[in-house]
Amino acid sequence: MDIIPLDRDDDVMLKGLFGVAIRSEAVSRVQPVRRTEDEFLKMVRFTFPGEREEGAVAIVDGSP
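For the sequence shown, our numbering begins at 174 and goes up steadily by one.
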């Protein structure tokens, strides 16, 4: 397992994370939040003015 910085401009990485988030929410919530991929990308890429966020991704066997 590798832990790498989240690149918010990497569409391939974010699409992989979208799949992980959907599966995770489906099993951990009674009523999972239904988001489209576009909504997920906007949410991940948004940063409040004046804030600095650092994200990380765990990669196992080449996928998040």
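No residue lacks a Cβ here, since even glycine has one placed at the ideal position from N, Cα and C.
>> Is the beta carbon of A231 closer than 9 Å to that of I176?
In response: Along the sequence shown, one-based indexing puts residue 176 at 3. Along the sequence shown, one-based indexing puts residue 231 at 58. Yes, they are a contact pair.
At which residues does the beta strand (DSSP E) containing D175 begin and terminate? Here residue 175 refers to the residue found at position 2 when the sequence shown is read from its first residue. Run containing D175: 175-178, per the beta strand (DSSP E) assignment.
**Asked** Per DSSP, what kind of secondary structure is V203 in: helix, strand or coil?
**Response** Along the sequence shown, one-based indexing puts residue 203 at 30. Three-state result, V203: coil.
Do L179 and V206 count as a contact pair if the criterion is CB distance below 9 Å? The residue labelled residue 206 in the question sits at position 33 within the sequence shown. The residue labelled residue 179 in the question sits at position 6 within the sequence shown. Result no, Cβ atoms of V206 and L179 do not sit closer than 9 Å.
field: Cα-Cα separation between D183 and V203, rounded to whole angstroms
entry: Position 10 of the sequence shown, counting from 1, holds the residue named residue 183. Position 30 of the sequence shown, counting from 1, holds the residue named residue 203. As the crow flies, the alpha-carbon of D183 is around 31 Å from that of V203.
- Item | Residue span of the beta strand (DSSP E) that contains V230, given as start and end | Counted from its first residue, the sequence shown places residue 230 at position 57. Per DSSP, the unbroken beta strand (DSSP E) holding V230 starts and ends at 229-232.
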